[in-house]
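Here the structure comes first, spelled out in structure tokens, and everything after it is commentary.
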């Protein structure tokens, strides 16, 4: 069993914590010792958020130090680039091709980076960068909120972990009336990479 | 009561709640504060528990003490700064003890993810002379709650439980116990004056009892299972505590570890025996050198790196940083610079490496990367007040809550913020000092109840001309919408009395009081401008429920910009609403980008509609009409 360290980043309100809960439960389902660390409170108010999920034989530190994450999943583009220093060489990076303009940009101070700039920031560290239009796919399915599940679907394919184990965990976490939507979102994500 | 549960993922806060439940806790009181809030929220849902939000931490602790005096196991929960508010009660409880177990859970926040300071609450244990337990993961958190109650009852002492952010908000596997401790029925309320009436004559007799208790606790610490030696190699021995224990295991897999589950009082013999077997001994702990100093005072030799002049301060934290959270990388880097680990990376830092404030970004990117600070939410009813306050250019004394974010650009409308309830006192201080500018204090409903009302009483009593804005959104929002005395609901969902803030303000002696709709920009502006002309204290209550409340969410209606009418004047950008973004289109004349509204974020609060000088942002009514067509 390979130890996996996931960083999940995004903007408060995007479902980052929910996705990290799924990853943590998945780690348990796969038989790993698992820890999940996050920060609540002030950062939830539209600020940057980050969750750390670690799977392994025995996990000690709840926090993944800079430069040690194997996998970065970012639900927002700017928040992907912000954590480029968090990953190790050749890490897997999964980016939701979606931007939420921070107040610092809309009020006139600073430019939002282009996709090219984001790509060039990751290029020296890793080539394993995957882009998924999570929000667009979720909107096609009728609910932008399941973009996080679309990304989890994509991740399941990249990590080559079978869909059933993931879906069991996801289904157990969502209210019955949203199960079908989440299944579809997961499948769409699986097909997107 | 029996409940079977398998091993499962629990956050530290969930585990603390579970542990309290298994320990038979029947009364719990607290005040919300990150990272402690979810302890009480989780416990409140469990059967056979009375749990409440108190107006502040001191009241919460008095309630827990009262329940324990009456004979029921009780807890009080709070964040680290809350214990400063509750400290008076902590001291008397340490003197009196109680009839049943009493545990105070105080969650520290190293690195200040959501706090105004980085205090190390273990110091209170030493100050007050009560035991302090420091869990290292969720399993510890659950188990230590049970141990804490046994300790509390065995030694007739309050016990401090001190998790940190990385314990509270980390999920790890927990094996829960099947049973809940059954408490005896309440007996007759104690009439033991010598123990419970802390007048000087009695308190003088209690002080030696407290000191003798500490001695007994120290003996207990020598043998209790909370402090555990994990023997591996003899080259390096690490005395570790709390989450730092995890970093010790990860970074030094070969080292022996003395895990101190109880950071106060320490077991001198156990530490001495451990140290005697090791070639080198170090202490690995977050924040203050709390253990390190005590170990040095025991005369035990700790490994001290030769750093020349660097590291002379702080004197007793010789290897690891005194500020900020640790993580394996920081521990490793400092161990390398102290000569404890081989230098694999090549660089050899000379001083303690403190964690970076903004982690993970290469400097070259960091400089160009726009920050994403927390901001007032779209639709926040506080926004209109800060927009006006910025225009008025008066000094603004702020307070702790969501509205502290009024200081963030572009609103930039706050000049001080220290702790809960400080705003009005600080404003009053400036006024009586003779500051020529008129001071405006800003405080939320929950903070007003917490420690604000006394300061307003002082403004009224001693007659300064401070203007206060009470931003009343009927909930404690920053910590995630906890009920408070204005909410009309209790923690456990019961119907509650709602404090009439206006009547309360009048009752303390403020004569000029007005309540306005919080979204009404003109009403706020005209009222404040009028009050700036009169020389007396005044209180404006801005009234609207937090935009995140379920009832408010039902009313969301995204507004629209009429492109032909917008000339890109940027005024609406200056209210700092995340829902207002720059359009790709520009005004032909000025070449400035037009405003655009993100329909996924906009709630339809109409603050921007009111601010727009060209009526280019539609009000709700017009949006609805447009959609009817």
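Protein chains in written order, with this note's numbering: chain F, -6 to 186; chain Z, 683 to 1311.
All C-beta atoms, glycine included, are put in the ideal place defined by N, C-alpha and C.
So, at 6 Å on beta carbons, what are the nonlocal neighbours of residue i in its own chain, with the 5 sequence-adjacent residues on each side left out?
| i | result |
| --- | --- |
| residue 725 of chain Z | 699, 702, 710, 731 and 733 |
| residue 1287 of chain Z | 1061 and 1201 |
| residue 980 of chain Z | 950 |
| residue 4 of chain F | 69 and 93 |
| residue 1021 of chain Z | 987 |
| residue 962 of chain Z | 918 and 985 |
Ordered along the chain, which non-local residues of its own chain (more than five positions away) have a Cβ less than 7 Å from that of residue i?
| i | result |
| --- | --- |
| residue 1281 of chain Z | 1240 |
| residue 180 of chain F | 146 |
| residue 49 of chain F | -4, 25 and 26 |
| residue 1044 of chain Z | In this predicted model, residue 1044 of chain Z has a pLDDT of only 46, less than 50, meaning its place in the structure is not dependable; the value taken from the coordinates is given anyway. Around residue 1044 of chain Z: no qualifying Cβ. |
| residue 863 of chain Z | 704, 705 and 706 |
| residue 18 of chain F | 162 |
| residue 833 of chain Z | 813 and 841 |
| residue 755 of chain Z | 705, 706, 707, 708, 782, 783, 831 and 865 |
Use the C-beta contact count for residue i: other C-beta atoms within 10 angstroms, 16 or more gives buried, fewer gives exposed.
| i | result |
| --- | --- |
| residue 988 of chain Z | exposed |
| residue 1149 of chain Z | buried |
| residue 1116 of chain Z | exposed |
| residue 1064 of chain Z | buried |
| residue 964 of chain Z | buried |
| residue 1237 of chain Z | exposed |
| residue 715 of chain Z | buried |
| residue 759 of chain Z | buried |
| residue 12 of chain F | buried |
| residue 1216 of chain Z | exposed |
| residue 1050 of chain Z | exposed |
| residue 875 of chain Z | exposed |
| residue 745 of chain Z | buried |
| residue 1311 of chain Z | exposed |
| residue 1069 of chain Z | buried |
| residue 751 of chain Z | buried |
| residue 1312 of chain Z | Residue numbering for chain Z in the displayed model covers 683 to 1311; residue 1312 of chain Z lies beyond these limits and cannot be assessed. |
| residue 942 of chain Z | buried |
Under the three-state reduction of DSSP, which class applies to residue i: helix, strand or coil?
| i | result |
| --- | --- |
| residue 1292 of chain Z | helix |
| residue 1110 of chain Z | helix |
| residue 1256 of chain Z | helix |
| residue 1264 of chain Z | strand |
| residue 858 of chain Z | coil |
| residue 922 of chain Z | strand |
| residue 812 of chain Z | coil |
| residue 941 of chain Z | strand |
| residue 846 of chain Z | strand |
| residue 65 of chain F | strand |
| residue 82 of chain F | strand |
| residue 699 of chain Z | helix |
| residue 798 of chain Z | coil |
| residue 712 of chain Z | strand |
| residue 834 of chain Z | helix |
Name the two residues that bound the continuous beta strand (DSSP E) containing residue i.
| i | result |
| --- | --- |
| residue 880 of chain Z | From DSSP, residue 880 of chain Z is part of no beta strand (DSSP E); its letter is neither H nor E. |
| residue 1275 of chain Z | 1275 to 1279 |
| residue 1201 of chain Z | Taken as a continuous stretch (DSSP letters only), residue 1201 of chain Z belongs to no beta strand (DSSP E), as it is neither H nor E. |
| residue 758 of chain Z | 756 to 761 |
| residue 0 of chain F | -3 to 4 |
| residue 733 of chain Z | 732 to 735 |
Would you say the beta carbon of residue i is closer than 7 Å to some non-hydrogen atom of the ligand NAP?
| i | result |
| --- | --- |
| residue 902 of chain Z | In terms of ligand content, the structure shown is empty, and the ligand NAP therefore cannot be addressed. |
The alpha helix (DSSP H) spanning residue i covers which residue range?
| i | result |
| --- | --- |
| residue 1131 of chain Z | Segment: none, residue 1131 of chain Z is in no alpha helix (DSSP H) and carries neither H nor E. |
| residue 909 of chain Z | Taken as a continuous stretch (DSSP letters only), residue 909 of chain Z belongs to no alpha helix (DSSP H), being part of the beta strand (DSSP E) at 909 to 912. |
Name the chain A residues whose beta carbon is nearer than 7 Å to that of residue i?
| i | result |
| --- | --- |
| residue 96 of chain F | Protein chains F and Z are contained in the structure displayed, whereas chain A is not. |
If you drop the 5 nearest sequence neighbours on each side, which residues of the same chain put their C-beta closer than 8 Å to that of residue i?
| i | result |
| --- | --- |
| residue 776 of chain Z | 810, 811, 812, 839, 840 and 892 |
| residue 889 of chain Z | 777 |
| residue 1305 of chain Z | 1239, 1240, 1241, 1242 and 1286 |
Exercise. Can we say the region 1252 to 1263 of chain Z touches the region 1206 to 1213 of chain Z, given the rule of at least three CB pairs closer than 8 Å?
Worked result: no
Exercise. Taking three-plus beta-carbon pairs below 8 Å as touching, is the region 872 to 882 of chain Z in contact with the region 759 to 771 of chain Z?
Worked result: no
Exercise. Is the number of C-beta pairs between the region 101 to 120 of chain F and the region 145 to 163 of chain F that are closer than 8 Å three or more?
Worked result: no
For this session: Check whether the region 1259 to 1273 of chain Z touches the region 1093 to 1105 of chain Z, taking contact to mean three or more Cβ pairs, one atom from each stretch, closer than 8 Å.
Result: no
Exercise. Can at least three beta-carbon pairs, one atom from the region 1168 to 1181 of chain Z and one from the region 1134 to 1142 of chain Z, be found at a separation below 8 Å?
Worked result: no
Exercise. Taking contact to mean at least 3 C-beta pairs separated by less than 8 Å, is the region 925 to 936 of chain Z in contact with the region 797 to 813 of chain Z?
Worked result: no
For this session: Would you check if the region -5 to 10 of chain F and the region 820 to 830 of chain Z touch, i.e. whether three or more CB-CB distances between them fall below 8 Å?
Result: no
Problem set entry | the region 1155 to 1169 of chain Z touching the region 1222 to 1230 of chain Z, judged by at least three CB pairs closer than 8 Å | yes
Exercise. Taking one C-beta from the region 81 to 96 of chain F and one from the region 115 to 122 of chain F each time, how about it: are there three or more such pairs within less than 8 Å?
Worked result: yes
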